[in-house]
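Please read the structure below before turning to the comments.
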Amino acid sequence: MGNINGKKFGFTALFPIRSRESAVALRPYLRSMDGHPYGSPLSSVDIIHMARFMIIDNLAYQGVPAKRDELKSHYLLFLCDFDGGSLDVLVRKLVSKMGETVDDIWQHCVGYPGRSYRDRLTAYFEDCQLATTFFLADRPNDEVAAILRALIYKRRFTDFVESCQGSRPPDLRAAFLELWRSLESEPTPPAGSL
Amino acid sequence: MADRARNQYGLGKSVTFNVITPMTRVGTCVVRLLLSIFGRFPSTQETAKQLSFLSFVHWVVVKRNAFPRLAADQPKEQLNYDYLFFLSTFNGPWSPYIDAFADVLFKALDTVWFWSIGYPFARPVSALKAYIIRNQVESDHAYCAYPGASVRDVRSALELHGELVRFERETRSLTAAQFDAEFGRLLIRVHNHLGSFGTLPD
Amino acid sequence: MDLSDIQGNILRGYRSFPDACFLFFRVDRSGAGREFLKRLLEKDSITPGQWRGRPEVATNIAFTFEGLRALGVPVASLASFPPEFQEGMKSRAALLGDTGECAPNQWDEPWHGSTVHILVTCYARVRETLTGHCSELRRLAPEGVHELVPHQEAGLLFVDGKRTRKEHFGFDDGLSNPDVEGVPDDGGPGDTGNPDEQGNLRKIPVGEFILGYPSEGQELSAMPVPHMFTRNGTYLVVRKLEQHVLRFRDFLRTQTAALRSFPGAKLSGGPRAAEDFLAAKMFGRWPDGSSLDLYPTAGAGDKSNNFTYADDPEGARCPLGAHVRRANPRASLGFGGNIVRRRRLIRRGIAYGDYLPQDVTEANGGGRRGIMFLAFNGSISQQFEFVQQQWMNSGDDFRQGDDADPIAGNRIGDGKMVEPSQPFRRDQNCAGRMVIPGDQRTAREPFLCSGIPRFVTTKGGDYFFAPSLTGIRLMAAGKVYIL
Numbered sequence: 025m026g027n028i029n030g031k032k033f034g035f036t037a038l039f040p041i042r043s044r045e046s047a048v049a050l051r052p053y054l055r056s057m058d059g060h061p062y063g064s065p066l067s068s069v070d071i072i073h074m075a076r077f078m079i080i081d082n083l084a085y086q087g088v089p090a091k092r093d094e095l096k097s098h099y100l101l102f103l104c105d106f107d108g109g110s111l112d113v114l115v116r117k118l119v120s121k122m123g124e125t126v127d128d129i130w131q132h133c134v135g136y137p138g139r140s141y142r143d144r145l146t147a148y149f150e151d152c153q154l155a156t157t158f159f160l161a162d163r164p165n166d167e168v169a170a171i172l173r174a175l176i177y178k179r180r181f182t183d184f185v186e187s188c189q190g191s192r193p194p195d196l197r198a199a200f201l202e203l204w205r206s207l208e209s210e211p212t213p214p215a216g217s218l
Numbered sequence: 008m009a010d011r012a013r014n015q016y017g018l019g020k021s022v023t024f025n026v027i028t029p030m031t032r033v034g035t036c037v038v039r040l041l042l043s044i045f046g047r048f049p050s051t052q053e054t055a056k057q058l059s060f061l062s063f064v065h066w067v068v069v070k071r072n073a074f075p076r077l078a079a080d081q082p083k084e085q086l087n088y089d090y091l092f093f094l095s096t097f098n099g100p101w102s103p104y105i106d107a108f109a110d111v112l113f114k115a116l117d118t119v120w121f122w123s124i125g126y127p128f129a130r131p132v133s134a135l136k137a138y139i140i141r142n143q144v145e146s147d148h149a150y151c152a153y154p155g156a157s158v159r160d161v162r163s164a165l166e167l168h169g170e171l172v173r174f175e176r177e178t179r180s181l182t183a184a185q186f187d188a189e190f191g192r193l194l195i196r197v198h199n200h201l202g203s204f205g206t207l208p209d
Numbered sequence: 038m039d040l041s042d043i044q045g046n047i048l049r050g051y052r053s054f055p056d057a058c059f060l061f062f063r064v065d066r067s068g069a070g071r072e073f074l075k076r077l078l079e080k081d082s083i084t085p086g087q088w089r090g091r092p093e094v095a096t097n098i099a100f101t102f103e104g105l106r107a108l109g110v111p112v113a114s115l116a117s118f119p120p121e122f123q124e125g126m127k128s129r130a131a132l133l134g135d136t137g138e139c140a141p142n143q144w145d146e147p148w149h150g151s152t153v154h155i156l157v158t159c160y161a162r163v164r165e166t167l168t169g170h171c172s173e174l175r176r177l178a179p180e181g182v183h184e185l186v187p188h189q190e191a192g193l194l195f196v197d198g199k200r201t202r203k204e205h206f207g208f209d210d211g212l213s214n215p216d217v218e219g220v221p222d223d224g225g226p227g228d229t230g231n232p233d234e235q236g237n238l239r240k241i242p243v244g245e246f247i248l249g250y251p252s253e254g255q256e257l258s259a260m261p262v263p264h265m266f267t268r269n270g271t272y273l274v275v276r277k278l279e280q281h282v283l284r285f286r287d288f289l290r291t292q293t294a295a296l297r298s299f300p301g302a303k304l305s306g307g308p309r310a311a312e313d314f315l316a317a318k319m320f321g322r323w324p325d326g327s328s329l330d331l332y333p334t335a336g337a338g339d340k341s342n343n344f345t346y347a348d349d350p351e352g353a354r355c356p357l358g359a360h361v362r363r364a365n366p367r368a369s370l371g372f373g374g375n376i377v378r379r380r381r382l383i384r385r386g387i388a389y390g391d392y393l394p395q396d397v398t399e400a401n402g403g404g405r406r407g408i409m410f411l412a413f414n415g416s417i418s419q420q421f422e423f424v425q426q427q428w429m430n431s432g433d434d435f436r437q438g439d440d441a442d443p444i445a446g447n448r449i450g451d452g453k454m455v456e457p458s459q460p461f462r463r464d465q466n467c468a469g470r471m472v473i474p475g476d477q478r479t480a481r482e483p484f485l486c487s488g489i490p491r492f493v494t495t496k497g498g499d500y501f502f503a504p505s506l507t508g509i510r511l512m513a514a515g516k517v518y519i520l
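Protein chains in written order, with this note's numbering: chain A, 25 to 218; chain B, 8 to 209; chain C, 38 to 520.
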């Protein structure tokens, strides 16, 4: 099974961070990213369902008789659940849609090759990738756009049902079709907006 | 709260939950085998899906020598243990989520986490919660493409959408009276898909 | 389990004590506070769960965290109490949905201006004895303990001249309380256990409601230290909930026209049929207490509790979001009841204010009315707060999205319609929605109530600890020690 479930790719990677100073700079930057109107600069990559970043700087000690493990480097964990069959799909979109923000994050990581050569960046991501042993997804085959559109349909249709109560419109079919056409032609809401 | 997705309108319903626990080499072998079995047989997945609060879950085994080393001057890690990364996204507060796991999925939990050093068994649940707190790592950033929608909101929207597509197609050649009647039947089919949703007030 | 050490009104309610008065005290000096407790104990004033002779007025006592502190309970003990109890209910207002009209800055006195330290509840068999009893209690309070006014009177409602167990919206109340293991039957109408794997109802471990005993999770619930002080004690949630009866009746009336023309509605029985139908669907029971699960079309005077919703998965009989179904989902949420079993509450609420006759429609209907909501639980966060947040103020577990409880739920955004310019924020009408599911068998269509205002507003309350008699004696003697 690994990283794929249905149409979804569950990407997990650990990127070693250059230095303690880099980690100290990176963390507040990551924590400020949710100030974006749609919750994250990742929202411009419209194939991403969910994602997270976390800096791993220590491993918990379980207490005697367990031994203590200490990490010599800090690591940036990036987990990303997106629509696609391969990592290249994600990297392409990160570069084209997020632009400089990719540098802002990954410049702190060891071996980051920059955005200019996409295949080098994909190779870099592959080098840091962890194999997911078991990946569970609630809706493996439903893409981001389909979910966003369905949510808008749910909202508008519920409002429509409410408006029809008490007295059905004289021409219910026409009213329904008007709703239907407006929904079908409406652009997909931006990711992160709902 | 960095753990929770959000947008400009408010807090999201998706909460990230990360637990990293140490395992011996034996543990790693067993867990990789067990997880691949769970991957192949849907029954455990079914129970987790029925709980209806998990969007995505990743179980990732990271061997002690598998922490990426990309430069000669990056020191090599020298660890005593392999690590199991449990990375999930769920809805709702943390404590009832763990209660539900302990009450309903304790066998699966115990089977997988037995091999993690210091694991206390899922029941009674207070010891499990203390173990989780010790080994939990907070996310620094969490994103969801539909933060105001819970797992159930998403499922319900997709099912409703499917019903509407079918309805529109199948009623094209009906008379007005027939259409009205079919609309009534549609409403009865979708009546529990009409709940409101959205981000929550800060 | 020693019922003579556990305070009364917890495991067995005061069913034959129809009138009540709640007194609130503040402790200025810990010595005076302890003296007050000593005097109460000397006069045998505090009523245990098992009495030798039935008292004329059953009296009980509970303390907020600030109250325990003011009485000199040591810091090491105080620190071991759970965080939600330490904070108090006022500080948890946002979490509980006590916002807007319900916010603490709108609460009644003494809740608004003070932190209550000691709550003394008095339940009388005969109303006339209450005043004298309360005066005596006040006399027992030494200098250094002062009463916070006003006190709160409460009592079973008189409807059409007769004493009833109805609440102000007209519904029979207190019909279902947990059926607790080891408690002798108090002759109530039939308490309800938790569903088991087979869908039958079984008794609930006492540890869910009293500290020091195994709970549903088969462990001892967390107990603050020292255990001698907290064992046999419990937490009491008090909420003064004002009920806006005219708002409720007006709302039902506005929906009547829409309901009558409803496809498949088949409303039978008189001019108020539509209103009664809607009210029952919102509550989950008919006003006479019959469950919608057993009696979907009309009340039958049967208040029994032998139903589980197992055969009503779509809510055709009792809507998934109806009030009583939210408060106790029984077998609705699957998993052999494993998901719901930790969320039960012992409710001992009692009405305050006079019942408003049906024909009163003026805004000066006179007086204010509501319910003093009292709930006992072993864990405030796992029980009361869970039910309030997850089941009252949210509908996700019932497939109702963010729709809150129609009777007691909060309204997101304080019930205002969303501006058209903010389409992404929320559904258009946040002023409270409830779906009344349709019925496939009878072809009754679903009805979407909207614009539901807040019928119930919070006007006060707090989190209390109700110690055992042993615990009270230890406090009175200043002997709560941590080694």
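Think of the CB as a built atom: it goes at the ideal place given N, C-alpha and C, for glycine as much as any other residue. Computed from a predicted model, the values in this text were never measured in an experiment.
- Taking all protein chains shown into account, C/Ser-128 has fewer than 16 neighbouring C-beta atoms within 10 Å of its C-beta and is therefore exposed.
- For A/Asn-29, same chain residues with a beta-carbon under 6 angstroms away, outside a window of 5 residues either side, are Phe-159, Ala-161 and Pro-164 in chain order.
- Residue-level contact check: A/Thr-212 does not touch chain B, since none of the beta carbons of chain B fall below 8 angstroms from its beta carbon.
- About 7 angstroms separates the beta carbons of C/Leu-511 and C/Met-265, which is inside the 8 angstroms limit, making them a contact pair.
- Counting only residues of its own chain and dropping the five nearest sequence neighbours on each side, C/Arg-106 has a CB closer than 8 angstroms to the CB of Leu-115.
- Contacts with chain C (Cβ-Cβ distance below 7 angstroms) from the region 166 to 182 of chain B involve no residue at all.
- In the DSSP assignment, B/Ala-134 falls within the unbroken alpha helix (DSSP H) covering 132 to 142.
- Rounded to the nearest whole angstrom, the C-alpha separation of C/Phe-73 and B/Lys-136 is 40 angstroms.
- Taking CB atoms only, A/Glu-208 has no neighbour in chain C less than 8 angstroms away.
- Looking at C/Thr-293, C/Gln-280 and C/Leu-506, the one whose alpha-carbon comes closest to that of C/Val-493 is C/Gln-280.
- Under the three-state reduction of DSSP, C/Glu-93 is assigned to coil, being neither helix nor strand.
- Looking from the CA of C/Arg-89, the closest CA among C/Asp-42, C/Leu-132, C/Leu-370 and C/Asn-414 belongs to C/Asp-42.
- Residues of the region 142 to 155 of chain B with a Cβ closer than 9 angstroms to any Cβ of chain A, in chain order: Asn-142, Gln-143, Val-144, Glu-145, Ser-146, Asp-147, His-148, Ala-149, Tyr-150, Cys-151, Ala-152, Tyr-153, Pro-154 and Gly-155.
- Along the region 8 to 21 of chain B, going in chain order, the ones with a CB nearer than 7 angstroms to a CB of chain C are Tyr-16.
- With respect to the C-alpha of C/Val-377, the residue from B/Phe-63, B/Tyr-104, B/Lys-70 and B/Phe-93 having the closest C-alpha is B/Tyr-104.
- Residue pairing by DSSP leaves A/Asp-162 without any beta bridge partner.
- Looking at the DSSP output, B/Met-8 shares a beta bridge with no other residue.
- Going by C-alpha positions, B/Leu-58 is about 18 angstroms away from C/Gly-254.
- If you check the CB distance, C/Ile-489 and C/Pro-356 do not come in under 8 angstroms.
- Taking 8 angstroms as the upper bound for CB-CB distance, B/Asp-110 and C/Asn-375 are in contact here, some 4 angstroms apart.
- Judged by DSSP secondary structure, C/Ile-155 falls within the beta strand (DSSP E) whose first and last residues are 155 to 161.
- Collapsing the DSSP output to three states places B/Ser-123 in a strand.
- Judged by beta-carbon spacing, C/Pro-504 lies within the 8 angstroms limit of C/Gly-270, meaning their Cβ atoms are closer than that value.
- Shown in chain order are the members of the region 49 to 72 of chain B whose Cβ falls below 7 angstroms from a Cβ of chain A: Gln-52, Ala-55, Lys-56, Leu-61, Ser-62, Phe-63, Val-64, His-65, Trp-66, Val-67, Val-68 and Val-69.
- Going by DSSP, C/Gln-189 is part of the beta strand (DSSP E) stretching over 182 to 192.
- A Cβ-Cβ separation of about 7 angstroms places C/Gly-134 in contact with C/Gln-425 under the 8 angstroms criterion.
- DSSP places B/Thr-28 in the strand class (E or B) of the three-state scheme.
- The contact set of C/Glu-351 on chain B, defined by CB atoms closer than 7 angstroms, consists of Asn-199 in chain order.
- Residue B/Gln-52 holds the alpha-carbon nearest to the alpha-carbon of B/Ala-115 among B/Gln-52, B/Gly-125, B/Val-33 and B/Leu-194.
- Going by C-alpha positions, C/Arg-276 is about 18 angstroms away from C/Gly-50.
- Linking A/Ser-97 to A/Cys-133 through their CA atoms gives a straight-line distance of about 11 angstroms.
- Counting along the chain, the unbroken alpha helix (DSSP H) around B/Phe-186 starts and ends at 183 to 197.
- Secondary structure at C/Ile-43: coil, using DSSP grouped into helix, strand and coil.
- With contacts defined by Cβ atoms closer than 8 angstroms, C/Pro-443 and C/Met-319 form a contacting pair.
- A Cβ-Cβ contact shorter than 8 angstroms links C/Gly-415 with C/Gly-244.
- Residue-level contact check: A/Glu-186 touches chain C, since one or more beta carbons of chain C fall below 8 angstroms from its beta carbon.
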